[in-house]
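Below you'll find the structure, written out as structure tokens, and then a few comments.
Protein chains in written order, with our numbering: chain A, 40 to 412; chain B, 6 to 155.
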């Protein structure tokens with residue numbers, strides 16, 4: 040469950056520091072605003088963005104991508120233009136583009152993956168055409184664990200003047216993510232995978248790009264002045280934050296980041312890599328188990344299928360042992376189709392897991408194979 | 006291990022999952038309907054042969070989890086020889102049994118289907134068990150669209 044500090048921060052806010060943000064002159068509003076904007080600075084520092092103007096709070100990675108599609112997309116991408124994604128994407132990085140293409144007549148291109156679950160880089164590069172207006176790819180796949188060679192991909196795209204959005208929902212809790220180092224144009228992530236509350240996420244965008252984008256949603260806070268004759272919009276980042284924000288969730292996100300900083304993302308990445316090696320080694324010894332997603336560069340995810348045993352049955356049986364795995368298509372149906380499986384069971388390891396727990400998982404899998412025999 | 010799952014994964018379930026009954030195609034079937042739960046991946050095609058209002062043969066193809074496979078296998082066994090009305094009655098009773106609307110489940114009324122009574126304690130899996138029956142219902146009503154219990 041969530042870190043106690045995160046839970047406490049929300050309880051504290053609602054008990055002592057709560058008021059609407061940005062609007063009031065009274066003490067509580069000032070306190071609440073300080074907490075809220077303080078969290079924005081924490082996010083900026085966490086991902087090494089250049090300025091708070093580049094940090095937009097949204098509901099999650101899904102909303103972040105929809106925002107880019109509707110705001111950046113509508114003002115930069117026309118009928119016949121191309122948007123390039125990959126075959127390993129989460130639905131949140133497929134459907135907003137499908138909707139956008141239906142609305143505008145733009146074309147969605149998909150870079151293929153191989154049977155190890157890796158992007159076929161040469162094919163990706165070939166698809167960077169003079170019609171490509173945006174590349175939108177996942178940093179780390181939630182279904183396969185694959186980590187894409189994003190710096191290389193961004194360099195190739197930028198060489199052709201094509202901006203890049205990275206879906207970082209799975210990546211950000213498990214590795215250091217640095218906007219200056221990556222040089223991506225947009226980065227989307229959610230709080231809930233980052234040990235923060237649900238209902239909150241971030242869209243990072245390079246300031247120059249965001250400055251030129253029209254508003255996504257209209258309402259309070261994103262305006263400077265409203266008359267019936269005309270309305271003037273607010274500056275960044277507020278222009279993209281209409282309405283009363285998820286104040287407590289933002290504060291919780293900031294505290295989650297503090298918590299992770301006390302441990303260190305590099306340390307977390309190394310620990311989880313060790314867990315993955317251990318789990319993969321054990322999994323490879325189980326007869327009838329097939330690992331789905333064996334990229335050379337991988338995050339701590341073990342997606343697998345068992346001969347003749349459906350992932351739903353795997354999930355229910357492991358649940359009875361106190362193990363929660365996700366069983367299904369992981370919001371990545373095209374990935375399931377590619378591997379010709381209806382679904383997979385996925386063990387996703389995090390910094391709080393241990394090798395002992397992996398042993399319980401593997402013993403459980405072996406036992407359930409026997410029971411189904 | 007798995008003791009607490011005994012009421013869901015009974016031996017009969019395993020048996021029907023390993024060796025599903027009536028797992029074949031009926032050529033030129035009178036009724037043919039698809040059932041598909043896209044979110045979990047259970048899919049089946051149900052074939053029925055009718056003589057008037059009586060089901061003379063029932064079979065299926067497809068793949069899915071143990072619960073859905075056992076459910077459709079048991080269903081094809083039990084509906085053979087029944088009239089449409091009798092089959093619909095069974096559907097109602099099965100639905101009540103698995104969705105727990107009836108506190109006092111009359112297990113005798115459903116015969117062998119009682120093995121799936123445990124699924125009401127696992128709400129996430131109810132749709133696996135009921136997919137077969139909703140598909141049968143559509144087949145009996147001669148509906149053409151694909152059925153889902155999601």
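Think of the CB as a built atom: it goes at the ideal place given N, C-alpha and C, for glycine as much as any other residue.
Among the candidates the options, whose CA atom is the shortest distance from the CA of residue i?
i              : options                        : result
residue 401(A) : 368(A), 322(A), 376(A), 356(A) : 322(A)
residue 42(B)  : 36(B), 73(B), 85(B)            : 73(B)
residue 280(A) : 65(A), 395(A), 338(A), 249(A)  : 249(A)
residue 327(A) : 105(A), 345(A), 315(A), 310(A) : 345(A)
residue 70(A)  : 339(A), 56(A), 213(A)          : 56(A)
residue 130(A) : 43(A), 68(A), 371(A)           : 371(A)
residue 138(A) : 104(A), 166(A), 162(A), 164(A) : 104(A)
residue 286(A) : 76(A), 276(A), 144(A), 232(A)  : 76(A)
residue 27(B)  : 83(B), 47(B), 114(B), 33(B)    : 83(B)
residue 142(A) : 116(A), 154(A), 123(A), 235(A) : 116(A)
residue 255(A) : 88(A), 96(A), 67(A), 156(A)    : 96(A)
residue 59(B)  : 76(B), 75(B), 6(B), 35(B)      : 35(B)
residue 236(A) : 266(A), 291(A), 258(A)         : 291(A)
residue 167(A) : 278(A), 124(A), 100(A), 156(A) : 124(A)
residue 122(A) : 50(A), 101(A), 163(A), 100(A)  : 163(A)
residue 53(B)  : 76(B), 145(B), 13(B)           : 145(B)
residue 42(A)  : 78(A), 355(A), 293(A), 87(A)   : 293(A)
residue 408(A) : 136(A), 381(A), 353(A)         : 353(A)
residue 102(A) : 361(A), 242(A), 377(A)         : 242(A)
residue 360(A) : 376(A), 398(A), 375(A), 379(A) : 398(A)
Between residue i and residue j, what straight-line distance do the alpha-carbon atoms span, to the nearest angstrom?
i              : j              : result
residue 39(B)  : residue 134(A) : 26 Å
residue 271(A) : residue 246(A) : 19 Å
residue 244(A) : residue 127(B) : 44 Å
residue 369(A) : residue 318(A) : 20 Å
residue 227(A) : residue 64(B)  : 48 Å
residue 260(A) : residue 63(A)  : 12 Å
residue 129(B) : residue 289(A) : 32 Å
residue 53(A)  : residue 152(A) : 47 Å
residue 403(A) : residue 331(A) : 19 Å
residue 304(A) : residue 358(A) : 29 Å
residue 215(A) : residue 37(B)  : 54 Å
residue 295(A) : residue 44(A)  : 8 Å
residue 181(A) : residue 189(A) : 16 Å
residue 82(A)  : residue 94(A)  : 7 Å
residue 117(B) : residue 366(A) : 29 Å
residue 80(A)  : residue 91(A)  : 6 Å
residue 297(A) : residue 211(A) : 14 Å
residue 208(A) : residue 31(B)  : 48 Å
residue 390(A) : residue 100(A) : 22 Å
residue 276(A) : residue 46(A)  : 26 Å
residue 100(B) : residue 142(B) : 11 Å
residue 102(B) : residue 206(A) : 44 Å
For the beta strand (DSSP E) containing residue i, name the first residue and the last one.
i              : result
residue 49(B)  : 47-56
residue 366(A) : 365-367
residue 146(A) : 146-150
residue 121(A) : 121-125
residue 122(B) : It is not in any beta strand (DSSP E) - residue 122(B) carries neither H nor E in the DSSP assignment.
residue 343(A) : 340-345
residue 329(A) : 328-331
residue 385(A) : 383-387
residue 96(A)  : 94-97
Please report the Cβ distance between residue i and residue j, rounded to the nearest whole angstrom; I am assuming they are in contact, meaning their Cβ atoms lie under 8 Å.
i              : j              : result
residue 126(A) : residue 108(A) : So it is not a contact: roughly 19 Å between Cβ atoms.
residue 301(A) : residue 350(A) : So it is not a contact: roughly 36 Å between Cβ atoms.
residue 21(B)  : residue 78(B)  : 4 Å
residue 170(A) : residue 120(A) : 6 Å
residue 104(B) : residue 125(B) : 7 Å
residue 155(A) : residue 333(A) : 5 Å
residue 299(A) : residue 388(A) : Between residue 388(A) and residue 299(A) the Cβ distance is about 16 Å, and since that is not below 8 Å, they are no contact.
residue 284(A) : residue 60(A)  : 7 Å
Residue range of the alpha helix (DSSP H) that residue i falls in?
i              : result
residue 81(A)  : 66-86
residue 39(B)  : Segment 36-42 is the beta strand (DSSP E) holding residue 39(B); no alpha helix (DSSP H) there.
residue 163(A) : 160-165
residue 135(B) : 131-145
residue 7(B)   : Taken as a continuous stretch (DSSP letters only), residue 7(B) belongs to no alpha helix (DSSP H), as it is neither H nor E.
State yes or no: is the C-beta of residue i nearer than 7 Å to some heavy atom of the ligand GTP?
i              : result
residue 150(B) : Absence of the ligand GTP from the depicted structure is noted, as is the absence of any ligand whatsoever, leaving it without description.
If you scan the stretch 58-106 of chain B from start to end, which runs of the beta strand (DSSP E) of 3 or more residues do you find wholly inside it?
-> If only uninterrupted beta strand (DSSP E) runs of at least 3 residues are considered, those enclosed by the stretch 58-106 of chain B are 59-68.
Where in the stretch 245-322 of chain A do unbroken runs of the alpha helix (DSSP H), each at least 4 residues long, occur, reported from the N-terminal end onward?
-> Counting whole runs of 4 or more residues, the stretch 245-322 of chain A contains the alpha helix (DSSP H) stretches 246-251, 286-302.
4-residue-minimum alpha helix (DSSP H) runs that sit fully inside the stretch 184-254 of chain A, ordered along the chain = For the stretch 184-254 of chain A, the full-length alpha helix (DSSP H) segments reaching 4 residues or more read 189-198, 218-221, 246-251 along the chain.
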